[in-house]
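What follows is a single structure, written as structure tokens, with notes after it.
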Amino acid sequence: MNPQAKLIFTTSLLLGTTITISSNHWITAWAGLEINTLAILPLISKSHHPRAIEAATKYFLVQATASTLVLFSSMTNAWYTGQWDITQLTHPVSCLILTSAIAMKLGLVPFHFWFPEVLQGSPLTTGLLLSTVMKFPPITLFLMTSPSLNPTLLTSMALLSTALGGWMGLNQTQIRKILAFSSISHLGWMTIIISYKPKLTLLNFYLYAFMTAATFLALNSIKALKLSTLMTAWTKTPPLSAMLFLTLLSLAGLPPLTGFLPKWLIIQELTKQDMAPAAVMISLLSLLGLYFYLRLAYCATITLPPHTTSQMKQWHTNKPTHASIAILATMSATLLPISPMISTLL
């Protein structure tokens, strides 16, 4: 892709995100979401492969439907209450429509169907944008309207997302699809707590973005798209594979690593809100996700390719690991000790 075109699309992405997260009026928030959608489409379809074109088409149709629902929800609310302010969404029908629209934007169950397909058709760098930057504006709208939304509905959607995200990722061999189901599962954790402590949702999103960025950038550096490719990565770049191993375990939420922090705080808050059954359920459902993270980690570090004479040998690469990957991987593994400081900020 032309560097000037790439610069324009990236700037538009940042502009759209900034407009949405800083707006109080529904129309400006909607305009920001539209700019975002239009800016990411060329980045999805830049390879001109039929799969990429299909992914861009699916993405456009789903996002256009969701944006229409956002507009319809805000207009219904304005019709009944005379309010265009985002925080003043009070009409029950508007709240229900908005929940559906944001769930569609994010890829929450039952509107998750498009996300794995779109991620599978996109390059890894665009996949990273879809999993992190593109999720930020809808989550901001979720946060601003969370006091008006139905907690029971959000909890049900969250539990279903964690269950389906874990369940459907079990049998996948394509890394991008596994990461898509991982994203759906993490969104479940963010959604379950949003009505009770929205700051925890934001903390979970930030930490998830760090860990996912480290994973995607490491995979992009290794050029791994399938599990079979990942199995030969250790012989080429052992340090990068070791970093990927730690990041994946952190995404799974294992205790000494950063990923454990949001899960721990969310379970603690759910217990305080007398929602112990939901906390137990979501914790057990996240074990499904642990299986495929462990499988990815196992493929990345513990398996070695068979050394037969007919096979090309994989030699070490002299290319240094990019500083951004090293910083993100370090943050993905070592932030747990500062959890007392983080919990004082919440």
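Quick note: the sequence shown uses UniProt numbering, first residue 1, plus one each step. Note that beta-carbon positions come from the ideal geometry of N, C-alpha and C, so glycine has one too.
- Taking a contact to require three or more Cβ pairs closer than 8 Å, the region 155 to 162 and the region 216 to 234 do not qualify as touching.
- The region 14 to 26 and the region 77 to 95 touch, with no fewer than 3 CB-CB distances between them shorter than 8 Å.
- When secondary structure is reduced to three states using DSSP, Gln174 falls in the strand class.
- If you look at Trp84, you'll find it isn't in any alpha helix (DSSP H); DSSP assigns it neither H nor E.
- Contact annotation, Trp114 with Leu71: C-beta distance approximately 19 Å; criterion of less than 8 Å not satisfied.
- According to the DSSP assignment, Gly259 belongs to no alpha helix (DSSP H), since it is labelled neither H nor E.
- For the options Ser183, Lys6, Ser148, the alpha carbon positioned closest to that of Phe136 is the one of Ser183.
- Using a C-beta cut-off of 8 Å, the region 161 to 174 makes no contact with the region 261 to 270, since fewer than three inter-stretch Cβ pairs fall below that distance.
- Taking 8 Å as the cut-off, the beta carbon of Val118 is found closer than this to the beta carbon of Tyr59.
- In the DSSP assignment, the residues bridged to His25 are Asp85.
- DSSP, read as helix, strand or coil, puts Lys58 in helix.
- In the DSSP assignment, Ala224 falls outside any alpha helix (DSSP H) and carries neither an H nor an E.
- Separation of Gln273 and Ser343 (C-alpha to C-alpha, rounded to the nearest whole angstrom) is 17 Å.
- Pairing Ala209 with Thr301 gives a Cβ-Cβ distance that is not under 8 Å.
- In its chain, beyond the 5 residues on either side, Leu261 have a beta carbon closer than 6 Å to the beta carbon of Ser339.
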